[in-house]
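2 protein chains.
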Amino acid sequence: MKAGIVSVGTELLMGEVLDTNASYLASQLPLLGLDLQSIMVLPDNIESLAEAFGQAWRRFDVVLATGGLGPTQDDLTREATARVLGEEMSVSPELERDLRAMFAAMGREMPLSNIKQATLIPSARSIPNPRGTAPGWWVERDGRIMVAMPGPPAEMQRMWEAEVMPRLRAAVRREAVGVRTLKCLGSEGEVGEKAGPVFAMGNPALGIYAKPDGIHLRLIARAADDAGAAALLAAAESRLRECLGHQVWGTDADTLEGRAGALLAARQLTLATMESCTGGLLSAIITDVPGSSAYFKGGFISYTSEMKVSLGVDARLIASHGVVSAQVAEAMAIAARRRLGADIGLAVTGVAGPDPLEGKPPGLAYIGIAAPDGTRAVEGRYPPRRVDVKRLVVTHALHLLIQTVQAAPGGM
Amino acid sequence: MKAGIVSVGTELLMGEVLDTNASYLASQLPLLGLDLQSIMVLPDNIESLAEAFGQAWRRFDVVLATGGLGPTQDDLTREATARVLGEEMSVSPELERDLRAMFAAMGREMPLSNIKQATLIPSARSIPNPRGTAPGWWVERDGRIMVAMPGPPAEMQRMWEAEVMPRLRAAVRREAVGVRTLKCLGSEGEVGEKAGPVFAMGNPALGIYAKPDGIHLRLIARAADDAGAAALLAAAESRLRECLGHQVWGTDADTLEGRAGALLAARQLTLATMESCTGGLLSAIITDVPGSSAYFKGGFISYTSEMKVSLGVDARLIASHGVVSAQVAEAMAIAARRRLGADIGLAVTGVAGPDPLEGKPPGLAYIGIAAPDGTRAVEGRYPPRRVDVKRLVVTHALHLLIQTVQAAPGGM
Numbered sequence: 019m020k021a022g023i024v025s026v027g028t029e030l031l032m033g034e035v036l037d038t039n040a041s042y043l044a045s046q047l048p049l050l051g052l053d054l055q056s057i058m059v060l061p062d063n064i065e066s067l068a069e070a071f072g073q074a075w076r077r078f079d080v081v082l083a084t085g086g087l088g089p090t091q092d093d094l095t096r097e098a099t100a101r102v103l104g105e106e107m108s109v110s111p112e113l114e115r116d117l118r119a120m121f122a123a124m125g126r127e128m129p130l131s132n133i134k135q136a137t138l139i140p141s142a143r144s145i146p147n148p149r150g151t152a153p154g155w156w157v158e159r160d161g162r163i164m165v166a167m168p169g170p171p172a173e174m175q176r177m178w179e180a181e182v183m184p185r186l187r188a189a190v191r192r193e194a195v196g197v198r199t200l201k202c203l204g205s206e207g208e209v210g211e212k213a214g215p216v217f218a219m220g221n222p223a224l225g226i227y228a229k230p231d232g233i234h235l236r237l238i239a240r241a242a243d244d245a246g247a248a249a250l251l252a253a254a255e256s257r258l259r260e261c262l263g264h265q266v267w268g269t270d271a272d273t274l275e276g277r278a279g280a281l282l283a284a285r286q287l288t289l290a291t292m293e294s295c296t297g298g299l300l301s302a303i304i305t306d307v308p309g310s311s312a313y314f315k316g317g318f319i320s321y322t323s324e325m326k327v328s329l330g331v332d333a334r335l336i337a338s339h340g341v342v343s344a345q346v347a348e349a350m351a352i353a354a355r356r357r358l359g360a361d362i363g364l365a366v367t368g369v370a371g372p373d374p375l376e377g378k379p380p381g382l383a384y385i386g387i388a389a390p391d392g393t394r395a396v397e398g399r400y401p402p403r404r405v406d407v408k409r410l411v412v413t414h415a416l417h418l419l420i421q422t423v424q425a426a427p428g429g430m
Numbered sequence: 019m020k021a022g023i024v025s026v027g028t029e030l031l032m033g034e035v036l037d038t039n040a041s042y043l044a045s046q047l048p049l050l051g052l053d054l055q056s057i058m059v060l061p062d063n064i065e066s067l068a069e070a071f072g073q074a075w076r077r078f079d080v081v082l083a084t085g086g087l088g089p090t091q092d093d094l095t096r097e098a099t100a101r102v103l104g105e106e107m108s109v110s111p112e113l114e115r116d117l118r119a120m121f122a123a124m125g126r127e128m129p130l131s132n133i134k135q136a137t138l139i140p141s142a143r144s145i146p147n148p149r150g151t152a153p154g155w156w157v158e159r160d161g162r163i164m165v166a167m168p169g170p171p172a173e174m175q176r177m178w179e180a181e182v183m184p185r186l187r188a189a190v191r192r193e194a195v196g197v198r199t200l201k202c203l204g205s206e207g208e209v210g211e212k213a214g215p216v217f218a219m220g221n222p223a224l225g226i227y228a229k230p231d232g233i234h235l236r237l238i239a240r241a242a243d244d245a246g247a248a249a250l251l252a253a254a255e256s257r258l259r260e261c262l263g264h265q266v267w268g269t270d271a272d273t274l275e276g277r278a279g280a281l282l283a284a285r286q287l288t289l290a291t292m293e294s295c296t297g298g299l300l301s302a303i304i305t306d307v308p309g310s311s312a313y314f315k316g317g318f319i320s321y322t323s324e325m326k327v328s329l330g331v332d333a334r335l336i337a338s339h340g341v342v343s344a345q346v347a348e349a350m351a352i353a354a355r356r357r358l359g360a361d362i363g364l365a366v367t368g369v370a371g372p373d374p375l376e377g378k379p380p381g382l383a384y385i386g387i388a389a390p391d392g393t394r395a396v397e398g399r400y401p402p403r404r405v406d407v408k409r410l411v412v413t414h415a416l417h418l419l420i421q422t423v424q425a426a427p428g429g430m
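Chains U and P are the protein sequences, given in the same order.
Per the working numbering, residue 19 is the first one in the first sequence, and the count goes up by one each step.
Per the working numbering, residue 19 is the first one in the second sequence, and the count goes up by one each step.
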């Protein structure tokens, strides 16, 4: 079934307020099996709104509108909907009573203009909004559905989750849809090849996406009911895990830093860092995880060779291989581990750019990792934009950390 | 004059990729005096695109499209534009030559499908894209303008700033508009009060915005020509600088870290950091500035008390005041400065959350700064969301750094 989103509000067209509602809803619709055909962002203007709502109503099975439900003259979503359907708005006595009670509870008199928040048209039912004064509208006619929700994201999301999503699921589903994402280390080509047998399954459908934190494999299963969809997902997931083994580092909302932290905590290992080109970003991301102080012992931002040497990197290594080298990355990892008495030392050295360093090009970096069972370094080459290089090196370093901890013997 | 934006790409409707291009362009249009009437987000479907482009072309004076300029069959912005205008696409020999040269420079053969990136229609001129293979289209006919730009934000913004914005300015303007933003330290109320005399000027119009990096004062001047607008801006800016003095830390695209770096470099001062609750984020942001290795000597992420003490913080200070205290922040700043032989030491200690620490609430932090002429610490209290706390503390620390360096005697 086809769906369209209309975001209402002049402020969304001024570039001062970002329309997060549309992207939130866009990410929700695949879970209902709805196929989003367009997003429109429109000003608080009755002609524009009526035309857009009319178009969307004729074209799509489900129309989701956000915004324009406030009490002022500028709030025109109800008026535009009534015009498109050729229906008359009238005040609902129950809604008026609820609204007055809400104002009374806040110890305030209800302003006259708010009465429009208690109106309905014959095809509309009201949707409760515990977080604000504007109830939504659920409009159903001629086999089509239009839903109007308030603009403030907290009110909209609450209404979507508690009211609209369940009603829509009941109204639109002919089948159950289940979604599961596995996140992997490796290149898109390699992961795609290994996932071949699951591609062939067809249901669940498998999508493969290269993302900043690795390769995502998204499974979408369709079945007669939720249990059937869950069983299809479980079978496909276990097959993918067989094919990919330790390359799977997480699922769904997992982050690299969260997953690395969970692995370190589970194995009671501690971590120390030494960073050059990433300038602290690696540690900053590691410590974004609540509770990271349980395993993160600290770090050094050794922006000069002098500081590296003072922390224990052999000056002769720097002299013979250059500061951006696998040898120095390993020595930095060893030094971080030793200085802070950690189980694992993780280090990065590279050329963030824009200028070359020691004749080495921007985007070249080495990541070193020192663990009880050995030390190694990997080389990375990244597109040479300073901010991107830092982020990509950090991602690569977290991949290496996860691999190392996953592969560690149990007693490490 | 009226404008519309069309964002092209099925991925924008899947909730996987956020459409940042539309909001970026929306924020730019007021500077040209253009009135944005709608944003449409559409899938890679020739029928949908042709219909939307046709509607926008009939309704608006200026249509800005992003996305759909790639080499694959899914990239249909050129095709849809040609259909709406009833014009024939043909390969431009110069564009083909440039494209082949670009691939040759990357040491690659040009895939056959890329030839469509060298096409034009009679009403279109090509817009160069130094960051990618897809040139844009500037289409002008019947007094209307349509611009097609590539989807990747870095390519789009470069093309907008260097090519599209200046051409549009020349094409649409009836009056000259000049814009200047001053960025200030302080609270919105205080800055607004001091800026009072400039509010009264009327032209330039003064807007005041509380932003993550401080208070922004945005001046918009209107005049018959550029020289007139520039003169109005210059007069208002110099008046604002009189009113606000050192509270003005930067202008327009300046960032806190860039401004702090420029001040340090100009005064030939070096910097070292020691971070606890920010976990490396302060240093990561300081080193986002190209050339920061000239003044940044390095940093310590002292996530444990043990590490703080090993670096020179007196254990008795921690015992008597707690690790989250003004005294420890000062001691950390002094230790960072001394350990790395820097002119200035900057340190942060605080409770990132979600749990309290030493009975102190999440969101409490102290920032210490040690300079040749003395050491001090400031307290900050921030809304207790871990990721927000880290970012806000860093902003506050950079403010303090700028204040300290600005106020330093010339010979510091």
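All residues carry an ideal CB built from backbone N, CA and C; glycine is no exception.
(request) State yes or no: is the beta carbon of residue 11 of chain U nearer than 8 Å to at least one beta carbon in chain P? (result) Residue 11 of chain U lies beyond the residue range present for chain U, which begins at 19 and ends at 430; the question has no answer from this structure.
(request) Kindly identify the DSSP beta-bridge partner or partners of residue 155 of chain P. (result) Residue pairing for residue 155 of chain P: DSSP places it in a beta bridge opposite P:144 and P:166.
(request) Verify whether the separation of the beta carbon atoms of residue 168 of chain U and residue 299 of chain U is less than 8 Å. (result) Inclusion of residue 168 of chain U and residue 299 of chain U in the CB contact set at 8 Å is not warranted, their separation being larger than that value.
(request) Compute the distance between the beta-carbons of residue 419 of chain P and residue 364 of chain P, then report whether it is under 8 Å. (result) Yes. Within cutoff.
(request) Put residue 293 of chain P into one of helix, strand or coil per three-state DSSP. (result) It is a strand residue.
(message) Measuring straight from C-alpha to C-alpha, what distance separates residue 287 of chain P and residue 360 of chain P?
(response) Residue 287 of chain P and residue 360 of chain P: Cα-Cα distance of roughly 8 Å.
(request) Using alpha carbons as the reference points, say which of P:98, P:231 and P:219 lies closest to residue 238 of chain P. (result) Of P:98, P:231 and P:219, the residue nearest in Cα terms is P:219.
(message) Taking the alpha helix (DSSP H) that residue 332 of chain U belongs to, which residues open and close that run?
(response) Following the DSSP letters along the chain, one finds residue 332 of chain U in no alpha helix (DSSP H), marked with neither H nor E.
(message) I'd like the ranges of any alpha helix (DSSP H) spanning at least 4 consecutive residues and lying wholly in the stretch 164-222 of chain U.
(response) The stretch 164-222 of chain U is shown to contain whole alpha helix (DSSP H) runs of 4 or more residues at 171-177, 183-190, 206-212 and 214-217, in chain order.
(request) Can you tell me which of P:197, P:148 and P:186 puts its alpha carbon nearest to the alpha carbon of residue 173 of chain P? (result) Nearest of P:197, P:148 and P:186 to residue 173 of chain P, Cα basis: P:148.
(message) According to DSSP, is residue 430 of chain U part of a helix, a strand, or is it coil?
(response) Note on residue 430 of chain U: pLDDT 43, under 50, position unreliable in the model; the coordinate value appears next. Note: residue 430 of chain U maps to coil in three-state DSSP.
(message) Whole angstroms are fine: how far does the CA of residue 190 of chain P sit from the CA of residue 112 of chain U?
(response) In this structure, the CA atom of residue 112 of chain U is about 52 Å from the CA atom of residue 190 of chain P.
(message) Which residues in chain U have a C-beta closer than 8 Å to the C-beta of residue 325 of chain P? List them in chain order.
(response) What residue 325 of chain P touches in chain U, judged by beta-carbon distance under 8 Å, is 315, 316 and 358, going in chain order.
(message) Below 8 Å, how does it come out for the stretch 254-271 of chain P and the stretch 195-203 of chain P: are there three or more Cβ pairs, yes or no?
(response) Output reads yes: the stretch 195-203 of chain P touches the stretch 254-271 of chain P.
(message) Let's see if you can read the secondary structure: which residues bound the beta strand (DSSP E) around residue 237 of chain P?
(response) Where residue 237 of chain P is concerned, the enclosing beta strand (DSSP E) stretches over 232-241.
(request) Write down every uninterrupted run of the alpha helix (DSSP H) in the stretch 28-96 of chain U whose length is 4 residues or greater and which is fully enclosed by it, in chain order. (result) 38-46 and 64-77, all fully within the stretch 28-96 of chain U.
(message) Can you confirm whether the stretch 205-224 of chain U touches the stretch 249-268 of chain U when touching is taken to mean that 3 or more C-beta pairs between the two stretches lie within less than 8 Å?
(response) Touching, yes.
(request) Check the C-beta distance from residue 89 of chain U over to residue 134 of chain U and give it rounded, since I have them as a contact under 8 Å. (result) At roughly 6 Å, the Cβ-Cβ gap stays under 8 Å, so residue 89 of chain U and residue 134 of chain U are in contact.
(message) Once the 5 residues before and after residue 332 of chain P are set aside, which same chain residues still bring their CB inside 8 Å of it?
(response) Cβ within range, chain order: 349.
(message) Any beta carbon from chain P within less than 8 Å of residue 306 of chain U's own beta carbon?
(response) Yes, contact with chain P.
(message) For the stretch 152-169 of chain P against the stretch 98-113 of chain P, do three or more pairs of beta-carbon atoms, one drawn from each stretch, fall closer than 8 Å, so that the two count as touching?
(response) Cβ pair count under 8 Å is three or more, so yes.
(message) Please list, in chain order, the residues of the stretch 197-211 of chain U that have any C-beta partner in chain P closer than 9 Å.
(response) Within the stretch 197-211 of chain U, no residue qualifies.
(request) Pick out whichever of P:188, P:124, P:140 and P:126 has its Cα sitting closest to the Cα of residue 109 of chain P. (result) The shortest C-alpha to C-alpha distance from residue 109 of chain P to any of P:188, P:124, P:140 and P:126 is the one to P:140.
(message) Our contact map puts residue 177 of chain U next to residue 137 of chain U with C-beta atoms below 8 Å; I'd like the distance itself, whole angstroms only.
(response) Between residue 177 of chain U and residue 137 of chain U a beta carbon distance of about 18 Å is seen, past the 8 Å cut, so the two are scored as non-contacting.
(request) Report yes or no: do three or more beta-carbon pairs, one from the stretch 365-378 of chain P and one from the stretch 335-344 of chain P, lie closer than 8 Å? (result) In the pairwise beta carbon analysis, the stretch 365-378 of chain P is classified as touching the stretch 335-344 of chain P: at least three pairs are separated by under 8 Å.
(request) Using the Cα positions of residue 320 of chain P and residue 314 of chain U, report the straight-line distance between them to the nearest angstrom. (result) So the alpha carbons of these two residues sit roughly 10 Å apart.
(request) May I have the straight-line CA-CA distance separating residue 44 of chain P from residue 197 of chain P, to the nearest angstrom? (result) CA-CA distance, residue 44 of chain P to residue 197 of chain P, rounds to 16 Å.
(request) Check residue 285 of chain U in the structure and name its three-state DSSP category. (result) Three-state DSSP puts residue 285 of chain U in coil, outside helix and strand.
(message) Could you tell me the alpha carbon to alpha carbon distance between residue 304 of chain U and residue 403 of chain P, rounded to whole angstroms?
(response) Each residue's alpha carbon lies about 16 Å from the other.
(message) Given this structure, state the Cα-to-Cα distance separating residue 25 of chain P from residue 208 of chain P, to the nearest angstrom.
(response) For residue 25 of chain P and residue 208 of chain P, the gap between their C-alpha atoms comes out near 40 Å.
(request) Apply the 10 Å Cβ neighbour rule to residue 222 of chain U and answer buried if 16 or more other Cβ atoms are within range, or exposed otherwise. (result) Taking every protein chain shown into account, the CB of residue 222 of chain U has 16 or more other CB atoms within 10 angstroms, so this residue is buried.
(request) Starting from residue 182 of chain U, find everything on chain P with Cβ-Cβ shorter than 9 Å and list it in chain order. (result) Those do not exist, as residue 182 of chain U stays about 16 Å from chain P at its closest Cβ, beyond 9 Å.
(message) Suppose you measure from the CA of residue 309 of chain U to the CA of residue 280 of chain U; what does that come to, to the nearest Å?
(response) Rounded to the nearest angstrom, the two C-alpha atoms are 10 Å apart.
(message) Is there a Cβ of chain U sitting closer than 8 Å to that of residue 58 of chain P, yes or no?
(response) Judged by the 8 Å Cβ criterion, residue 58 of chain P is in contact with chain U.
(request) Using only alpha-carbon positions, find the residue among P:160, P:116, P:183 and P:311 that is nearest to residue 151 of chain P. (result) Relative to the Cα of residue 151 of chain P, the nearest Cα in the group P:160, P:116, P:183 and P:311 belongs to P:116.
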